[in-house]
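Trainee: Residue numbering for the sequence shown follows our numbering, starting at 1 and increasing by one per position. Virtual Cβ for every residue (Gly too), placed ideally from N, Cα, C. These numbers come from a predicted model, not from an experiment. Shown below is the structure under consideration.
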Amino acid sequence: MAGKCYGPEVYVAARGRLLMVRVIYLMLNKHIAAVISG
């Protein structure tokens, strides 16, 4: 794979990964809040 050719699929993959991380982070926040509030 050449380092220079950044196709749209690379951008989409990076964006998808970022979205996954954000969703997991939000779910963890909800879980922690539920545990703290009892």
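Excluding the 5 residues preceding and the 5 following residue 23 in the sequence, name in chain order all residues of the same chain whose CB lies nearer than 8 angstroms to its CB.
Mentor: none
Trainee: Identify the continuous alpha helix (DSSP H) that holds residue 7 and give its terminal residues.
Mentor: Judged by DSSP secondary structure, residue 7 falls outside any alpha helix (DSSP H); it is assigned neither H nor E.
Trainee: Do you know offhand how far residue 38's Cα is from residue 25's?
Mentor: 20 angstroms
Trainee: DSSP on residue 38, reduced to helix/strand/coil?
Mentor: coil
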